[in-house]
Every structure is written in C-alpha cells, then in structure tokens.
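Novice:
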Amino acid sequence: PSILLAGAAAVPLSQHKKAVQKLAPPSVTKNLPAYPTSLASEPAWVKDIDNVLDIVAGAAGPVIHTSDGILGINPLNGSTLWSYARKGATYETFLDPIGKQAGKKYARTLVVSPNHRHIAFRISGPGKVKHLPFTDQTTITIVLDTITGQVVNDHISDDGTLQITDSAILDGHKIYTFGSKTEKWDLKKLGVSIEEGVRERYFGTAGHSTFIVGHSEDRVDGAGILQYGSLSLISQDDPNRVHTTPPVPLMSNAALPLVIGGWTAIFSDGTPTTANGSDDLGWQMHVADLDSLAKSGSTSAPTHHVGRSAGINAPASLTTGKIVMLPPTLPPPARDIGDHDDFPDWDDSTTISTIFDPSTQTTLSASQISGLIRAVGISSTSTGASAGAKIKISSMDNDAETSFPISPGSIFYPPGYFTYNPDMKDMAIPLSHFTNIFALHTPGANIIILNPTARPSFENRSYRLYGITEVTQQ
Numbered sequence: 397p398s399i400l401l402a403g404a405a406a407v408p409l410s411q412h413k414k415a416v417q418k419l420a421p422p423s424v425t426k427n428l429p430a431y432p433t434s435l436a437s438e439p440a441w442v443k444d445i446d447n448v449l450d451i452v453a454g455a456a457g458p459v460i461h462t463s464d465g466i467l468g469i470n471p472l473n474g475s476t477l478w479s480y481a482r483k484g485a486t487y488e489t490f491l492d493p494i495g496k497q498a499g500k501k502y503a504r505t506l507v508v509s510p511n512h513r514h515i516a517f518r519i520s521g522p523g524k525v526k527h528l529p530f531t532d533q534t535t536i537t538i539v540l541d542t543i544t545g546q547v548v549n550d551h552i553s554d555d556g557t558l559q560i561t562d563s564a565i566l567d568g569h570k571i572y573t574f575g576s577k578t579e580k581w582d583l584k585k586l587g588v589s590i591e592e593g594v595r596e597r598y599f600g601t602a603g604h605s606t607f608i609v610g611h612s613e614d615r616v617d618g619a620g621i622l623q624y625g626s627l628s629l630i631s632q633d634d635p636n637r638v639h640t641t642p643p644v645p646l647m648s649n650a651a652l653p654l655v656i657g658g659w660t661a662i663f664s665d666g667t668p669t670t671a672n673g674s675d676d677l678g679w680q681m682h683v684a685d686l687d688s689l690a691k692s693g694s695t696s697a698p699t700h701h702v703g704r705s706a707g708i709n710a711p712a713s714l715t716t717g718k719i720v721m722l723p724p725t726l727p728p729p730a731r732d733i734g735d736h737d738d739f740p741d742w743d744d745s746t747t748i749s750t751i752f753d754p755s756t757q758t759t760l761s762a763s764q765i766s767g768l769i770r771a772v773g774i775s776s777t778s779t780g781a782s783a784g785a786k787i788k789i790s791s792m793d794n795d796a797e798t799s800f801p802i803s804p805g806s807i808f809y810p811p812g813y814f815t816y817n818p819d820m821k822d823m824a825i826p827l828s829h830f831t832n833i834f835a836l837h838t839p840g841a842n843i844i845i846l847n848p849t850a851r852p853s854f855e856n857r858s859y860r861l862y863g864i865t866e867v868t869q870q
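When the letters of the sequence shown are read in order and numbered with my numbering, they come out as residues 397 to 870.
(1) Figure out for me which residue from G575, I451, P471, G465 has the closest Cα to the Cα of E866.
(2) For L350, does the count of other Cβ atoms within 10 angstroms reach 16, so buried, or fall short, so exposed?
(3) Would I590 and G625 qualify as a contact pair, given that the criterion is a beta-carbon distance under 8 Å?
(4) Less than 8 Å between the beta carbons of G600 and V644, yes or no?
(5) Using 10 angstroms around the beta-carbon of T531, count the other beta-carbons present and answer buried if the total reaches 16, otherwise exposed.
(6) For the beta strand (DSSP E) containing L583, name the first residue and the last one.
(7) Determine the contact status of H569 and K584, defining contact as a CB-CB distance below 8 Å.
(8) So what does DSSP say about F834, is it helix, strand or coil?
(9) Using the Cβ count rule (16 or more neighbours within 10 Å means buried), how would you classify A430?
(10) Considering I460, what are the terminal residues of the beta strand (DSSP E) in which it resides?
(11) By alpha-carbon positions, which one of Q623, I774, V588 ends up nearest to Y816?
(12) Can you list, in chain order, the residues of its chain whose CB lies under 8 Å from that of T669, leaving out five sequence neighbours each side?
(13) How is V507 classed by DSSP in three states: helix, strand or coil?
(14) If you drop the 5 nearest sequence neighbours on each side, which residues of the same chain put their C-beta closer than 8 Å to that of M721?
(15) In whole angstroms, what is the alpha-carbon distance linking Q870 and Q757?
(16) Since S791 is in the alpha helix (DSSP H), which residue starts that stretch and which ends it?
(17) For V539, write down the residues that DSSP places opposite it in a beta bridge.
(18) Would you kindly work out how many angstroms separate the C-alpha atoms of F834 and E613, rounded to a whole number?
(19) What residue range does the beta strand (DSSP E) around I571 cover?
(20) Closest by CA to V638, which one among V588, I825, F663?
(21) Out of T489, G658, V683, D675, point me to the one whose CA is closest to S664's CA.
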C-alpha cells in the first residue's frame, strides 16, 4: 500500500504547470524602437521588480526574467508588453563566467539569439523525490519571441549545452528549428561530438546560423597572459562538417569565447606570438561573423579591423551589445598578476579602445558619440543637514555626463560606498566585484539597474530600473 500511495502522490509532480501568457499587440512588431544614440537628462520611467533572475536586451526592449515568469518591457514608458508565467516552475541557471555582468557569480537563465529576436531557457522538473527515483522529471527547453512573447519552440531537453541562432537552437547534442518539436539533427548520429569533460562548454549566443561545438585553448608562448584558441563550428543547415576558425581571444577567467550578435574577434596575423605582438603592444585584430567562418573555403580575410588590442572587454561588450576591445597596453598591475580580465587592476587606465557594432557592421572609436554608457555610479548631494544622492551616467565619449536625483530609501549603503562606483570607473572595473549598479543598452532605452538592498547579486534580487531614453523623446 505504501508503494501505491507513493506512486499516486508522484503523478502530479511529474507534470509541468501550464503556462499563462499575455501576448503583445500586433502593432509592436510594426514599430520597433531603435537603439538610443543619446542620453536624456532624467529617466522616462522607474520600475521596481522583485526576484529577478536575469535581464537581457530583446528586439523590442528589455526582457526581464523573474522567479514568477518572463516580462517584455516597453522601453519608452516601462509598461509590460507581454508576459509568460508558469506557476511553481524552477528555472535552470548557468554561471556566466565570461561576463561578470553583475558580479563574479552572476547566474544567467536566458540565452539570446544574435538578432535579439528570441530567447531560450530551461524549466526543470521537481527532480528525484526521496525513495521515489522513478519520479525524476525531464527538463523542458522553451524559446520565446522577444517582441510578441509567443512560444516558438518547446520540447523535452537533451541537457548539456544550450546555444541559439536566429532560427534554431542547439540543445545538448540535438538541433531544433523554431516551430518544430522534433529535432532536425542529432549530432551523435552524425558522429559530431560536443565538447565534454574538464573544459567549460559554451552556452549562449551563437552565429546567425552557426553553432560552436568545441574550442582549443592555449597561451602566448605557452605561459603568457593572453589566452586564445580556435573554435569548432557547424552550420545548423549542414552540421556534418566541422569548420575550424583562426585563433580568437578567449576570456582568461574561463577560457571561453565571447560572441556578440553572431560576431567575435580574430587575430589578424594568425597565431598570436611574441613576434607579432605583446602585452605592451597588443596584437592586430579584426572581427568576423561565425557564419562566414563556417563556410567551406572561407579565407577569413579581414574586413573590419579593430586595431591593436589585448583582447575583448567582456563586461562592456555584454552591457552595450557591441564588441568592445581592450586597449593594446595592459596596466602594470594586470601584467604582474598575469590576468588582463582582473579589472580592479585597471583602476587608473581606460578599459576601452575600438567598438564594433554587429547590427550595423561599423566600427566606432571610444570618443565617438554613440549613446553607449561607459560608467554609471551614485554620488552624494548632501549639503549640511540635507542628505541626498544622485545617479551619474557617463557616456562612452566621456564628454557627455548626465545625472538625476534618486528618492530617499533607494539605496542601502551611503552614496559614496564603493559598490555604487562613486568614482565613475569604467563599467568593467566595478562589475568585476559584486556591484550594486550597472546598465544595459537595449532598443529604445539604456536601462540603469540598481540593487536597492544589500542582498548579494548571486541571489534572487529585487532591482529598481530606470529607463533613460533618447533626448528627443523627453
């Protein structure tokens, strides 16, 4: 009888809760906002959101994942465009070891397509109940349209890596195209192996139609600071052949590549050595899209040069949605410790040189007006008995700085506290610690993200969002 009762009790556990959705109106698709190229002097809106798991830039504005579900936000007024809720769902997380977007242990739940039109995430079942191992629930992978909130794919997950292109996902060793619950390709059956074992597997944005199935790992002369490797790529339409790329810079704290909008950086002179560069001079680099690198007979001829650089600035790239290159010369402390991604040792140096925008395929200089945020922080406005604080925003060109007061009770620590970046250091520097304020560049607005409590960034947290739109929209 006990076994029968236990089996009966287990049945509801094995069933996922049905999703409750509110879709965006059709007009949203016809009027997509452009990325802002300037910073208004005050927020267009302020919004408090509890239990945040992840925040990313969708194609129509910010997309916010909470423990209750997912919201698409109108970047012009902060209203909800669409929502997806699944009561009681457990969302799977993966550490973002290359980004440090909101602290060293920031766990992500969403992977974003190169064109930002789709997001993918996983919902896990209740797991194994004590004494009832047969109730183990399979994980489900779901893909949403970030403009409408529509589900475009859901299927039983194969676990393992999760990558997304503009029209397909790689879930474990299976490729699914949007609109089909049946896999289009099974890489195991094709004899194509996904990188397993000791080395980190790549999760996240892939090429527009290309996946990363592995990468090599090396250092300049075997022991230098710079880490690099060649990527193993497959086409989602013909994954039988694996293409190997020229060397690309890897993020030193995880030895993983960084892909922004389907593009990454490439060493222009082949394998980086002390003969063609150094930590003092950098290495000549250009950017290339993964799709072109995965084409048969591709020569990978440089078309978009980004100059000499020590690598990619991962935090700045992830917050701006552009490929932001490090300067060619490392500051002495970073050279001494052998880690150019340890940004606290860049305190007296800029962390930004050339910027590449994958959406327009243009290069920008750090001094060019672009609407991109270089730094954000909180400083005091106290005068005598009157206490106050303001948020300061510095644009990438360093000449334009805007600020606005924040209401009492918006922050836990005093305005000059180091996690609020009062010295307005480049965003990568405070983000390499646990930070309480950062930003995200999205269509329609730059989003300032403030942690108003003292809760660590690796926990479920409540955030206050400020939407900074174009000057002309105020």
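Heads up, the beta-carbon is just placed ideally off N, CA and C, and yes, glycines get one too.
Specialist: So, from the data block:
(1) Residue 866 sits at position 470 when you count from the first residue of the sequence shown. If we check each option's Cα against that of E866, P471 comes out closest.
(2) No answer is possible for residue 350: it lies beyond the span of the chain, which begins at 397 and ends at 870.
(3) Walking along the sequence shown from the start, residue 590 turns up at place 194. Walking along the sequence shown from the start, residue 625 turns up at place 229. Using a Cβ distance threshold of 8 Å, I590 and G625 do not count as a contacting pair.
(4) The residue given as residue 600 occupies position 204 in the sequence shown. The residue given as residue 644 occupies position 248 in the sequence shown. It is not a contact, given that the beta carbons lie outside the stated cut-off.
(5) In the sequence shown, residue 531 corresponds to position 135, counting from 1. Reliability fails at T531, whose pLDDT of 47 lies under 50, so the model's placement of it is uncertain and no value is given.
(6) The count along the sequence shown starts at 1 and reaches residue 583 at position 187. In the DSSP assignment, L583 falls outside any beta strand (DSSP E) and lies within the alpha helix (DSSP H) extending over 583-586.
(7) Taking the sequence shown and counting its residues from 1, one reaches residue 569 at position 173. Taking the sequence shown and counting its residues from 1, one reaches residue 584 at position 188. A distance below 8 Å separates the beta carbons of H569 and K584.
(8) As a position in the sequence shown, residue 834 is number 438, starting the count at 1. DSSP, reduced to helix, strand and coil, places F834 within a strand of the structure shown.
(9) For the purposes of this step, residue 430 is identified with residue 34 of the sequence shown, where counting begins at 1. Within a 10 Å sphere around the beta-carbon of A430 sit fewer than 16 other beta-carbons, which makes this residue exposed.
(10) Stepping through the sequence shown from its first residue, residue 460 is reached at position 64. Unbroken beta strand (DSSP E) run through I460: 458-462.
(11) The residue labelled residue 816 in the question sits at position 420 within the sequence shown. Cα-wise, what sits closest to Y816 is I774.
(12) Here residue 669 refers to the residue found at position 273 when the sequence shown is read from its first residue. Cβ-Cβ distances below 8 Å link T669 to V616, D617 in the same chain, with the five nearest sequence neighbours on each side left out; the list follows chain order.
(13) Along the sequence shown, read from residue 1 onward, the residue named residue 507 stands at position 111. Secondary structure of V507 (DSSP, three-state): strand.
(14) The residue you call residue 721 lines up with position 325 of the sequence shown. The answer, listed in chain order, is A661, M681, V702, G703, S705, G707, I708, N709, I748, S749, T750, I751, F752.
(15) As a position in the sequence shown, residue 870 is number 474, starting the count at 1. As a position in the sequence shown, residue 757 is number 361, starting the count at 1. Caution applies to Q870, whose pLDDT of 47 falls short of 50 and renders its modelled position unreliable; the value that the coordinates give is listed next. Spanning the two alpha carbons is a distance of roughly 29 Å.
(16) Counted from its first residue, the sequence shown places residue 791 at position 395. Under the DSSP assignment, S791 falls outside any alpha helix (DSSP H), being part of the beta strand (DSSP E) whose first and last residues are 785-791.
(17) Locating residue 539 in the sequence shown gives position 143, where the first residue counts as 1. As a beta-bridge residue in DSSP terms, V539 pairs with A516, N549.
(18) Residue 834 sits at position 438 when you count from the first residue of the sequence shown. Residue 613 sits at position 217 when you count from the first residue of the sequence shown. Taking the straight line joining both Cα atoms gives about 31 Å.
(19) Position 175 of the sequence shown holds residue 571. DSSP places I571 in the uninterrupted beta strand (DSSP E) bounded by 570-573.
(20) The residue given as residue 638 occupies position 242 in the sequence shown. The residue from V588, I825, F663 with its alpha-carbon nearest to that of V638 is V588.
(21) The sequence position of residue 664 within the sequence shown is 268, counting from 1. Cα-wise, what sits closest to S664 is V683.
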